[in-house]
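**Q**
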Amino acid sequence: MVDMKKILKVFTFSLLLLLYINTEAKTLGDLKNELAQYEKEMKENQDKQKLTKEEIAKVNERINVITKTIDESEVKIKKLSEEIVVLEQKAEEKETEIKDVVAFLQVTNSENAYMEYIFGAQSIEDLILRSAVSEQLVAYNEDLITEYNETVKEYRTKTEELELEIENLNNEQAN
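Under the numbering used here, the first residue of the sequence shown is numbered -19, with each subsequent residue one higher.
(1) Considering only the beta carbon of each residue, do E152 and I64 sit closer than 8 Å?
(2) Skipping 5 residues on each side, what residues in its chain have a beta carbon closer than 7 Å to that of N148?
(3) Would you say R110 reaches chain B, if we count a Cβ-Cβ gap shorter than 8 Å as a contact?
(4) Flag this pair as touching only if the segment 113 to 133 and the segment 69 to 77 have three or more C-beta atom pairs under 8 Å; answer yes or no.
(5) Counting only the same chain and skipping the five closest in sequence on each side, list residues whose C-beta sits under 8 Å from that of E141.
(6) Looking at N155 and I57, is the spacing between their C-beta atoms short of 8 Å?
(7) With a threshold of 8 Å on Cβ separation, who are the neighbours of Y135 within its own chain once the five nearest residues in sequence on each side are excluded?
(8) Could you tell me whether the Cβ atoms of A101 and R110 are closer together than 8 Å?
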């Protein structure tokens, strides 16, 4: 009987232990719910990863567009700089010509020189010829001044355009 009591005690203890362990065990439903939760989290992470890849692609595309814009701006700046150099040379040449004409006019007392030249003709043909030459000189002087003013105006416009293009380039590079 003593052994029976011992066996009964061991059996009761084992039964209690088994009950305790079973209360901690997960049911099949719990495991399915846990699996569903993990699958849901995995899908959310995959969606986030997909969005991140799309965002990276958009950023790379934007970088390519900005790089292209910067390259175009640099080409435009170079072209404008070259045009400005040509305009500066042209303006200097016109200015020199104008100074020469003004010096000539000052030496010959301006309009009176043309009149003296015209009225110094010896014949009607000479008078007509001298009159035509004087008209051509006046027209040339007017054209010269007009060309100079247009060159200066174009120079200023190109300079402003260059400054704007440089500012745009700096803004794009800052982006």
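Cβ coordinates follow ideal geometry from the N, Cα and C atoms, glycine included. All values derive from a computational prediction rather than experimental measurement.
**A** The relevant details are as follows:
(1) As a first step, residue 152 is located in the sequence shown; it is residue number 172 there, counting from the start. As a first step, residue 64 is located in the sequence shown; it is residue number 84 there, counting from the start. Their beta carbons are not under 8 Å apart, which means E152 does not touch I64 by this criterion.
(2) One-based indexing of the sequence shown puts residue 148 at position 168. So the qualifying residues of the chain are S53.
(3) As a matter of chain content, chain B is missing from the structure shown, which is built from one protein chain.
(4) With contact defined as three or more Cβ pairs closer than 8 Å, the segment 113 to 133 and the segment 69 to 77 are in contact.
(5) Position 161 of the sequence shown, counting from 1, holds the residue named residue 141. L60.
(6) Numbered from 1 along the sequence shown, position 77 holds the residue referred to as residue 57. Numbered from 1 along the sequence shown, position 175 holds the residue referred to as residue 155. Cβ atoms of I57 and N155: not closer than 8 Å.
(7) Translated into positions along the sequence shown, residue 135 becomes position 155. Within the same chain, Y135 has close Cβ partners I64, L67, E68, A71.
(8) Taking the first residue of the sequence shown as position 1, residue 101 is located at position 121. Taking the first residue of the sequence shown as position 1, residue 110 is located at position 130. Contact flag set, yes.
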